[in-house]
Amino acid sequence: MHDSNSSEIDLSIKTKKDVARKFNKKWILLILSLLLIATFAISFTLGRYAIPLSQLFEILFSKLFGFQATWDATMDTVLFKVRLPRLLAAIMIGAVLSLSGATYQGLFKNPMVSADILGASAGAGFGAAIAMLLSFDAVGIQLMSFAFGLGAVAITTVVSTIVGRGNDSTLLLVLTGMVVTSLFSSAIALIKYVADPDLKLREITFWLMGGLSAIRMSDLKIVLIPMILGAVPLLLLRWKLNVLSFGDEEAQAMGIDTSRLRLITIICSTLLTASTVSIGGIIGWVGLVIPHLARMLVGPNYSILLPTSLLVGGLYLLIVDNVARCMFAMEIPLGILTSVIGAPFFIYLLMHGKRGWV
Amino acid sequence: MKLEINNAVCGYGSKKVIEDISFDVKSGEILCLLGPNGVGKTTLFKTILGFLRLQSGEILIEGDNVKNWSRNRLAKAIGYVPQAHTPPFPFNVLDVVVMGRTAHIGPFSSPSKKDVLIAEEALETLNISFLKDRIYTEISGGERQMVLIARALTQQPDILVMDEPTANLDFGNQIKVLEQINRLSKNGLAVFMTTHFPNQAYLCSTKVIILQKNNEFKMGQVEEVITEETLKATYGIDVRITSVKNQNGDKISACIPLLN
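In the order they appear, the protein sequences are chains A and B. So for the first sequence, my numbering puts the first residue at 1; every next one is plus one. So for the second sequence, my numbering puts the first residue at 1001; every next one is plus one.
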């Protein structure tokens, strides 16, 4: 035991350290935001049709104040019809995938899960594949992937409840999710098998690999609504997610209606996942890897973890999509690239970051 | 504050584990629940905490039936100290303790400065302020147990329900935890705890319930309930009960198992 004097000194030092730490975490959010804006601006200049940064600012400035266009129409199309929606899509998809991944990890008390664990991605993928097979338009594809994404999660939860006879077992839920995922994957394979190999098969296969090359501003407008509907409740409830990660009984004893909170968070996360699948195809690993990266930066407290995941996720997918579209002569599907980066990074986490989840 | 259980029937699904049990615990009392593995100790306290549905009978807090209470309201009355376990994420100790404020914080809010102060006070009460900035997953089992007690205190309940608070702790930490439980009860909390050690009942409880096989149970003051005969009947082992005097000259009883 300390004598009273030294413990007082100890306390004051600790308080200072405390303040400093909170200060740092706030700064991280600011730095990440600035980094995201800077990367966004630089990404604008990159691509087959390169534009110097100075000219970009000139154009943006003129646009903002309604000056006469001094640039040609091609550049206008490239910048605002092709590149802008794509960059925005990368940021939005990366951000919400990470958000839903971080949420799922807390929800299932397991840092090894991500948003597709309950079958959301596979279900949404199946819905979109059917829509393409039946030649639906963009809105139709989105609606179908939503419907089947939510449907897959509904099947998972209902089946696991019936099997568990009322016992709320997370393991059962995850196992059922794997079964449902594999079922929908087979269904996707069947659709590919029956699809016209010259037209549909190619379209479906490319789309499933994940990519943002075909995204237009109108797609973003449609998908923005479910993204906001999914993200806002999660961000508002984020502190309570901490309590949920201690398990249902403890959370209940601390005053949380766990089944309601669980339902809200599952619906929101699924909505987010399905909305990304509906515009960008299946982009794997982001929801698994980014929350870990964010946890390394700011720790596990969801108050700060969720906003950090959001920013890091957006930044990450923006950079990876830049690589996908600029690095090689031919564009690489984004989903393949995120897997190629994500899988080894995950092994690295398993080897070095162990402290976080044993 | 008084927690009353009247004619409770507890169990899972259609299986009844405990039938028709009644007891109460008031501020300043410590009620110890003893009994061999599998007689339904866990079932009983999970029912009191509302994790399991009460099959019949009633649970009253201050005379008010808790049947229709919200989780939130129940959490403000009863604090739960689970057995220390490791959560999946490396939370700060202070973050963990602040989580005890959940019931007092609005659905979309985060803890305020006041909530953090209450959490710090709870750490202070248990003399573990030095753990504040440590990582919860990296401290020892005994320290984790103390942090969980601090979290329950931060909840500011009138009743503490503890599940084997000394499980997996070394001898010294067991006694330290018991000392804290005694102190909290003297400060006005009602404590309901399960334990595997009759000696712990002697050390701190005012009342004891022993659950036995075939739905039988005995309850009352420690000296009345924990006798050589009852322990033989409950656990099927021979014990002798003896006593020593402590530094103040008070009698402390203890039971010693006799090996064959």
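We put the beta carbon where it would ideally sit given N, CA and C, even for glycine. Please read these numbers as outputs of a predicted model, since none were measured by experiment.
Close to chain A, meaning a Cβ-Cβ distance shorter than 9 Å, are the following residues of the region 1100 to 1128 of chain B: GLY1100, ARG1101, THR1102, ALA1103, HIS1104, ILE1105, PRO1107, PHE1108, SER1109, SER1110, PRO1111 and ASN1127. Under the Cβ distance rule, GLY1050(B) counts among the residues neighbouring chain A, one pair being separated by less than 8 Å. For the region 1055 to 1079 of chain B, the set of residues with a beta-carbon nearer than 9 Å to any beta-carbon of chain A comprises SER1070, ARG1071, ASN1072, ARG1073, LEU1074, ALA1075, LYS1076, ILE1078 and GLY1079, in chain order. Taken in chain order, the members of the region 256 to 270 of chain A whose beta-carbon sits within less than 7 Å of a beta-carbon on chain B are ILE256 and ASP257.
Contact of MET254(A) with chain B by beta-carbon distance below 7 Å involves ALA1075, MET1099, GLY1100, THR1102, ALA1103 and GLN1155. Not a single C-beta of chain A is nearer than 8 Å to the C-beta of ASN1187(B).
In the assembly as shown, SER121(A) is a buried residue. Its beta-carbon has 16 or more other beta-carbons within 10 Å. Annotation for ILE91(A): GLY314 and LEU318 place their beta carbon closer than 6 Å to its own, counting only its chain and skipping 5 residues before and after.
Along the region 1156 to 1174 of chain B, going in chain order, the ones with a CB nearer than 9 Å to a CB of chain A are VAL1161. For the region 33 to 87 of chain A, the full-length alpha helix (DSSP H) segments reaching 4 residues or more read 53 to 65 and 73 to 76 along the chain. In the three-state DSSP reduction, THR273(A) falls in the helix class (H, G or I). LYS1016(B) and LEU208(A) have their C-alpha atoms some 52 Å from each other. Put simply, the CB of PRO1198(B) is far from chain A, with every gap to its CB atoms at 8 Å or more.
Listed in chain order, the positions of the region 272 to 306 of chain A with a beta carbon within less than 8 Å of a beta carbon of chain B are ARG295, GLY299, PRO300, ASN301 and SER303. At least one C-beta of chain A is nearer than 8 Å to the C-beta of PHE1089(B). Counting along the chain, ALA195(A) sits inside no beta strand (DSSP E), nor does DSSP assign it H or E at all.
DSSP places PRO1165(B) in the coil class of the three-state scheme, outside both helix and strand.
DSSP places GLN252(A) in the uninterrupted alpha helix (DSSP H) bounded by 248 to 253. Contacts with chain B at 8 Å (Cβ-Cβ) include ASN242(A). Between PRO344(A) and LEU1044(B), the alpha-carbon positions lie close to 48 Å from each other. Look at GLY94(A) here: in three-state DSSP terms it is helix.
Of LEU263(A), ASP137(A) and GLY281(A), the smallest CA-CA separation from SER213(A) is found for GLY281(A).
The beta carbon of ILE1105(B) lies closer than 7 Å to those of PRO1111 and ASP1115 in the same chain, with the five residues before and after it left out.
Residue state for GLY1188(B) is assigned as coil, using DSSP reduced to three classes. Straight across, the Cα-Cα distance linking SER309(A) with VAL163(A) is about 34 Å.
TYR302(A) is positioned such that its CB atom lies closer than 8 Å to that of LEU241(A). Inclusion of LEU1169(B) and PRO1198(B) in the CB contact set at 8 Å is not warranted, their separation being larger than that value. From the listed residues LEU1184(B), LEU1034(B), ILE1021(B) and GLY1079(B), the smallest Cα separation to LEU1054(B) is found for ILE1021(B). Here DSSP, grouped into helix, strand and coil, assigns GLU1004(B) to strand. The alpha-carbon of ASN1006(B) is positioned some 7 Å away from that of PHE1023(B). Looking from the CA of ASP1163(B), the closest CA among GLY1188(B), LEU1178(B), GLN1156(B) and PHE1108(B) belongs to LEU1178(B). DSSP places GLU1229(B) inside the alpha helix (DSSP H), whose first and last residues are 1228 to 1235. The Cβ of ASP1095(B) sits closer than 8 Å to at least one Cβ of chain A. Assignment of beta-bridge partners to ARG1240(B) by DSSP yields ILE1256(B).
Here PHE1217(B) carries a strand assignment [DSSP, helix/strand/coil].
DSSP, read as helix, strand or coil, puts SER145(A) in helix.
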